[in-house]
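Student:
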Amino acid sequence: IVSLASVNSNRSATTGASSGPQQSYAGRQIVYDFVDPTMGGRSSSRQDDFKLHPLTGQLQVANRLDREAYLDRAGVLSLQVRARELTVDAGTVAVGPDDLYESILNKLAPFIDQSDNSTTISEITVILMDVNDNSPRWLNATEIEQMSRAPVWHQRLPSDRDTGRNYQLQVRENSLPGSPLTNKNEMFVYDLDSGDNAEFEIRLEDPFNLFDVEPKRVSGFSSVTLKLANTAQGSMGGGGHHAKTRQQQQLQQVLDYENVNERKYIVQLYAQEIRTNERLKSKAQIQINVIDVNDNAPEFKEAAYVANIREDARPGKMVKLVQATDRDEVSKELRYSLHGQSAYLFDVNAQTGLITVAKCADQHHQTPQQPQSAMAARRFVGQTGNQHHYQQQQQQIRPCIDFETQRMHHLMVEASDGELSSKVPFVVYVEDASDNAPTFALPIVDVVIEEGAQRLEPPIRIEATDVDQTSTLSYSIVEGNFEGFFAINNATGELQLTRAIRIPHDDLSAGGLETSSSSIESGAAGGGLSARRQQQFNKMTLIVQASDGEHKTNGTIRIDILDANDNAPEFSRPAYEKEISELAAPGQSVLTVRAFDVDRGNNARVSYRLERGSHGQFDINELSGEISISQSARPFDASKRDNYTLEVVAYDHGLVSKSSSVIVVIRVVGVGRRAPEFVPQVQRVTISEHALNNNTIIHRMTVSDPLSLNNPQQQQQGQHHQHNLQPVALMFEPGPVEGLDKKGQPVTEIERLESMISVSTNTGDVVVNSNLNHELAAYINLTLYVSYRPVAAFGSPSLYDLIGQNTANLTAGADPSSNAPSQMTAQLAGDEFRPRSVGYLIISVMDNNDHAPYFAAPWTPSQPELSYQMLEELPVGSILTQLVANDADSKISHYEIDPPNEYFELSSPKSGIIVNKKVIDYDTLMRQTYLSPGAHRVAQSASSSTTSMLQPTTGAGAPSAALILQSNTNNGNNVIQFNVIVYDSGVKQLAAKAIVSVEILPINDNDCKFDYQLYEVSLKENAHHDTMVTHARTSDLDDGEEHNSNTCPSGWRQNDYFNIDACIVTCAHWSCYSL
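Each residue of the sequence shown is one higher than the last, beginning at 1 in the UniProt record's numbering.
What follows is the structure in structure tokens.
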């Protein structure tokens, strides 16, 4: 580019530029280098894209120059060059012609004079001239921002002349001409060249003639905007305003989103140089998306709608479905509404257009805000706070559709998309219907039926009436017809029996265990009925429905089934058999027979008697069935009579007693042939689960041993024996093990049961090896065998050794003092004389009683109150209800009312049935005042503060008297309240309490009466009009507002002089009036 020459400051020289080699001067030689100010003045032979020869001073281009690389300097470079003197001749320094400039500079560096007088610095300005080597480029805002951060960034841009750039633009379908199109990243065009090389035009290729571009010409850089074509720029030709209007209409017609074929347009933009020979250009492709706007109102499918609806239509009943559509996609969610004077009678679903019947105040169309009875209204007032709130609730309920009031309703249905709307007429025609429900004169009827009755005498009828004259009532049983015992005349409502009612009972003997090794005595065992099903047979409640074809009303018939003595007692076994020793003493128990009667009450109370076969040797306990040896019995002798066949009769105590008999065979066994016996044969033990340690003895089997030397008779015989016999030991052997779980089902894990229990063969002790589990087995039946095992003393023959001697000399009359063994000893000879007897140990595994009983819903421990209603004047023994309780651990033991109540009692402690024990008079009840503990009401404060779960502290388990009202003065209360407590049968007995509230409902059973039969009054002849003459007062023993009326009697005879003022007097329910 240039050759630099420097002159020694001590000599004059000609300055200038030369492209030849450096000239020689008489002074020192000169060294050239660049000074980089940014590097602290560091010396270098290279700077930017240039290099400098250290000796010749030639400034050369080091790299290919690109003006665009120095856009931040506008293509102008400034270089600082320094000239310094050498202290030696350059020829003395080993510098080769091929050395790099930087190497030469490093070699000369030690010989450079660093003084200020030997150094000079100059600045060289290099201007880079532009050439047309860049085409216009399409950019977006992000690229522009990045370009500003890195000047050489443009070198990484792709070439646009081949591929082009893509842009996404949007336009609303209702945009006006000249409106710009929106886009996320603005469009920019940029030519990196300068001058004429950066002059270019923007050209739009639009086959639709709908769009325009700004600007048309660009110099260097500009943003580009695409807009809707202006009418003035289109090729309208002549016509002026009319042509403009036509083009605008054409534009609005084309930009219509609802036309699916014209929702997207694609146009091309070109940027092309205009002042260069190359005329370089680049392309951008623009996709224009049309955006939907709400410019169409909803359209109904029909021009008008008509519907028919019955006047008794229930709230929510569909009337009509109206539907509208909207062409705009942005308005797909339409809102419907009803307009008109009677629009309040109907509801319209704002989203779907479904028109339904609105809720109203008609008494047959009950709403959540409207109580169904006076009592419910009072409760509603209590819950909401005051009467005024209740009246406001009633006023908010709208009236109903009524054919008699208005038979046709003209309405308008509106559909709106939020901005635009449309309406169509809607006409509703009302159809007449039966809109009054039947009512029962007596909603609850209580009857008693004897078990086994073939027909109902007297007839039972439940009647309803309907104020609609055109209605025909029909009756049906809709609930409670347990096993179809009843039918009802659908026209008259008379109840009929389909067949005789026979109460199935639990087979009480099914779970009994006497001597059978295949069953276990357990309340859980047996295949009897559940308590719930038994209760269904004892007390039935029928729900009878009266219907007029449209409306239905339910009435209740409560039926108590009286038990009939239709079952004879049944013995637990078909026959009994027992062996006794001929040494048995008078009074000794032999066995007990058991019979069960599945009836109830006296019909189920069983007694026993011996019918025949006793021969005066046996007696039977009339109540328990225990057979014992009579006190007057003669001694038994097996050789003369070895068996007795007794017939035992079991009979119940019904009015017509029923009985059954069983055969009992008692065998008399001689003492020599008799095996030891378990006494009793079935032995029992009860233990709690997890309460014992391992290897704990829970029971020792008791045995009756006829050969025991403790027997005085046998000791006397032993004195005559020649040999000293040792005591005969007993040998115990375990047999099969069986079990039942808590549900009465056989236990299948027998090996696990066997591993829990072991038996001592010497003592008969039963040992628990591991903790018993109530969940696995609630009852365990262990079978055991016992026999003799003689033991000989040291040096003496055993009993069995003696048996083999002199057996031929054994006679019935042998001398006891002889050396021969006794007859008893001889009878033990051989295995056939080693009998064994069987016994059973029943282990009851008790569950830990950690759950209190609970009453059936709606009772809960936190809300133990139960409410019932009962009419006054019902006979004694009328059933109020039956409480049912359950327990997760054990059975229910009994119920009791604590403290006793004046008006109610339990029919039996086991049943839970509550009956009245005296006739309750509503009016008397309302006039009483209660001041003593145990009264018929319990203080609300006591019941609310006392828990419903009781844990008795005494054997009886009675709750504290502090739960009962101590002092309560309350006149006019028709609610009787008392406590019912249920106890379970677990160890550490638990209980639960229910607070029963009975509302006594009045009946109108008293006439109103005048205070006097005759009234005599004196009146002046000049008395003025409306002068009070007299006041005839009446009274009614019945209490309550329902027994009063302000209606004057129809029997009053008017005359010309006197009137009766109905507002002064209150007439009772019937037959009363006043003058």
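We treat Cβ as the ideally placed atom computed from N, Cα and C, and that holds for glycine.
Helix, strand or coil for asparagine 294, going by three-state DSSP, please let me know.
Tutor: coil
Student: Taking the alpha-carbon positions, what's the glutamine 545 to leucine 334 distance?
Tutor: 45 Å
Student: Is the Cβ-Cβ distance between leucine 79 and valine 31 less than 8 Å?
Tutor: Cβ distance not < 8 Å, so leucine 79 and valine 31 don't count as in contact.
Student: Would you grab the beta carbon distance between lysine 1009 and threonine 1034 for me? Rounded to a whole angstrom, and I think it's under 8 Å.
Tutor: 6 Å
Student: Can you tell me whether DSSP reads serine 770 as helix, strand or coil?
Tutor: coil
Student: Could you check the C-alpha separation between methionine 129 and leucine 71 for me, to the nearest Å?
Tutor: As the crow flies, the alpha-carbon of methionine 129 is around 12 Å from that of leucine 71.
Student: Between the alpha carbons of serine 44 and alanine 109, how many angstroms are there, rounded?
Tutor: 11 Å
Student: Terminal residues of the continuous beta strand (DSSP E) containing isoleucine 913?
Tutor: 913-916
Student: Strictly by DSSP, which residues pair up with alanine 324?
Tutor: Phe300
Student: Can you confirm whether the region 294-306 touches the region 216-225 when touching is taken to mean that 3 or more C-beta pairs between the two stretches lie within less than 8 Å?
Tutor: no
Student: Take the Cβ of asparagine 134 as the centre, count every other Cβ of all protein chains shown within 10 Å, and call the residue buried at 16 or more, exposed below.
Tutor: Note on asparagine 134: 16 or more other CB atoms within 10 angstroms of its CB, so buried under the neighbour-count rule.
Student: How far does the alpha helix (DSSP H) with isoleucine 104 in it reach, from first residue to last?
Tutor: If you look at isoleucine 104, you'll find it in the alpha helix (DSSP H) that goes 101-108.
Student: Less than 8 Å between C-beta atoms, sequence neighbours within five positions excluded: which residues of the same chain meet that for glutamate 262?
Tutor: Answer for glutamate 262: Val254, Leu255, Asp256 and Val290, listed in chain order.
Student: Please name the residue, chosen from Asn781, Ile914 and Asp48, that lies closest to glycine 739 on a Cα-to-Cα basis.
Tutor: Asn781
Student: With distance defined between alpha-carbon atoms, name the residue in Asp402, Ala633, Thr120 and Leu105 nearest to glutamine 617.
Tutor: The closest CA to that of glutamine 617, considering only Asp402, Ala633, Thr120 and Leu105, is found on Ala633.
Student: Taking the beta carbon of alanine 358 as the centre, do at least 16 other beta carbons fall within 10 Å, making it buried, or is it exposed?
Tutor: buried
Student: What residue does the beta strand (DSSP E) around serine 78 start on, and which one ends it?
Tutor: 76-85
Student: Tell me whether the region 419-432 and the region 448-455 touch, counting them as touching only if at least three CB pairs, one residue from each stretch, are closer than 8 Å.
Tutor: no
Student: Thinking just about the alpha-carbon of each residue, which of Val445, His409, Ile501 and Glu414 is nearest to the one in glutamine 454?
Tutor: Ile501
Student: Looking only at its own chain, which residues have a Cβ that is under 8 Å from the Cβ of asparagine 694, when we skip the five neighbours before and after it?
Tutor: Val768, Asn769, Ser770 and Asn771
Student: Quick check: the Cα distance between leucine 321 and lysine 264, rounded to an integer number of angstroms?
Tutor: 37 Å
Student: Use the C-beta contact count for threonine 696: other C-beta atoms within 10 angstroms, 16 or more gives buried, fewer gives exposed.
Tutor: exposed
Student: Leaving out five residues on either side along the sequence, give the residues of the same chain with a beta carbon under 8 Å from the beta carbon of valine 669.
Tutor: Glu579, Ile580, Ser581, Glu582, Ala638 and Asp642
Student: If you drop the 5 nearest sequence neighbours on each side, which residues of the same chain put their C-beta closer than 7 Å to that of proline 458?
Tutor: none
Student: Please identify the residue among Ser630, Asn848 and Gly340 whose C-alpha is closest to the C-alpha of alanine 888.
Tutor: Ranking Ser630, Asn848 and Gly340 by Cα distance to alanine 888 puts Asn848 first.
Student: Could you give the DSSP three-state label for leucine 71: helix, strand or coil?
Tutor: helix
Student: Take tyrosine 788 as the anchor and find which of Ser867, Ser844, Tyr779 and Ser704 has the nearest alpha-carbon.
Tutor: Ser704
Student: How many angstroms separate the CA atom of leucine 776 from the CA atom of aspartate 741?
Tutor: Rounded to the nearest whole angstrom, the CA to CA distance from leucine 776 to aspartate 741 is 6 Å.
Student: What do you get for glycine 57, buried or exposed, if any count of 16 or more other CB atoms within 10 angstroms of its CB means buried?
Tutor: Here glycine 57 is buried. Its C-beta has 16 or more other C-beta atoms within 10 Å.
Student: What residue from Ile698, Gln272, Gln60 and Val76 has the CA that sits closest to arginine 67's CA?
Tutor: Val76
Student: Taking only the alpha-carbon atoms, compute the straight-line gap between threonine 924 and isoleucine 557 and give it to the nearest angstrom.
Tutor: 28 Å
Student: List the DSSP bridge partners of aspartate 765.
Tutor: Arg700
Student: What residue range is occupied by the uninterrupted beta strand (DSSP E) comprising residue 1101?
Tutor: Because the chain is modelled from 1 through 1075, residue 1101 falls outside the range shown and cannot be assessed.
Student: Is the region 268-283 close to the region 203-218, with three or more CB pairs under 8 Å?
Tutor: Using a Cβ-Cβ distance cut-off of 8 Å, the region 268-283 and the region 203-218 are in contact, since at least three pairs of beta carbons, one from each stretch, lie closer than that value.
Student: What does the Cβ neighbour count give for proline 875, buried or exposed, with the cut at 16 atoms within 10 Å?
Tutor: exposed
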